[in-house]
Amino acid sequence: DQQVKQNSPSLSVQEGRISILNCDYTNSMFDYFLWYKKYPAEGPTFLISISSIKDKNEDGRFTVFLNKSAKHLSLHIVPSQPGDSAVYFCAASAGSSNTGKLIFGQGTTLQVKP
Amino acid sequence: DSGVTQTPKHLITATGQRVTLRCSPRSGDLSVYWYQQSLDQGLQFLIQYYNGEERAKGNILERFSAQQFPDLHSELNLSSLELGDSALYFCASSVNSQETQYFGPGTRLLVL
Chain S
47 DQQVKQNSPS
57 LSVQEGRISI
67 LNCDYTNSMF
77 DYFLWYKKYP
87 AEGPTFLISI
97 SSIKDKNEDG
107 RFTVFLNKSA
117 KHLSLHIVPS
127 QPGDSAVYFC
137 AASAGSSNTG
147 KLIFGQGTTL
157 QVKP
Chain D
9 DSGVTQTPKH
19 LITATGQRVT
29 LRCSPRSGDL
39 SVYWYQQSLD
49 QGLQFLIQYY
59 NGEERAKGNI
69 LERFSAQQFP
79 DLHSELNLSS
89 LELGDSALYF
99 CASSVNSQET
109 QYFGPGTRLL
119 VL
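Chains as they are written, first to last, in my numbering: chain S, 47 to 160; chain D, 9 to 120.
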């Protein structure tokens, strides 16, 4: 039972263009969503988050959009840079559970070509 | 550098053995989480401790156990190891359950 899904295993974009990474979830109890970036041989690094009371959150080149009715979120990176090449994980949690347990997607490998 | 430290970085052992993975959370963080990432898998939640007490359990095998000590560092004990336990084990910490989790660099376990 995969509650958080990233259906695209990989994505390749040109430097300077927009990268859009997608994530779907099934559990309507999820109310907090996060994106992490992971380089090989390192731990996941927190990028950006969004609460279910919002539909957009922006931080520099990174914007996360949340569509609750579709149970879908996306991460936009504009402009994409070669240093953004990494594996991106979306994760979700249910605040009502009073735990910080995160449910992760399988990850999307982003390659930004110079 | 997230401020979360994990030791050892790499561990090679044999089936049937027992190992202990150690995690030191960021200064001020009371909550510690353990996750497992197997080959081609996403991160799977194992267990959470908050200020020394178990707060949540995920798909953690009975052969695995964890604890959080008074100084807030945590240890994950894996026993009767099997080949399938080979994975990356990540520790994360946060101030409390509602705050962002910051991950350590992981321990890569190889069971031969």
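Backbone N, C-alpha and C fix where the C-beta goes; we use that ideal spot for every residue, glycine too. Quick caveat, the model's predicted, so the values are computed rather than measured.
Chain D places no beta carbon closer than 8 Å to that of T72/S, leaving this residue out of the contacts. Taking a Cβ-Cβ threshold of 8 Å, the residues of chain S close to Y41/D are G146, K147, L148, in chain order. Flagged as an interface residue toward chain S: Y110/D, by a C-beta distance shorter than 8 Å. Using a CB distance cut-off of 8 Å, Q44/D does not count as an interface residue toward chain S.
Boundaries cannot be given for Y85/S, as no beta strand (DSSP E) includes it and DSSP labels it neither H nor E. Nearest in C-alpha terms to V110/S, of all of Y134/S, G129/S, A87/S, L57/S, is Y134/S.
With fewer than 16 other CB atoms across the displayed protein chains lying within 10 angstroms of its CB, I64/S is exposed. Put simply, of H118/S, P125/S, V158/S, P160/S the residue whose alpha carbon is nearest the alpha carbon of V50/S is H118/S. In terms of Cα proximity to I20/D, the closest of Q14/D, Q106/D, S94/D is S94/D. Beta-carbon to beta-carbon, Q76/D and G66/D are separated by about 16 Å, too far to satisfy the 8 Å threshold.
Under the DSSP assignment, I68/D falls outside any beta strand (DSSP E); it carries neither an H nor an E label. Interface residue (Cβ-Cβ distance to chain D less than 8 Å): G153/S is classified as such.
The C-beta of T23/D has fewer than 16 other C-beta atoms within 10 Å across all chains shown, which makes the residue exposed.
F135/S: member of the beta strand (DSSP E) spanning 132-139, first to last residue.
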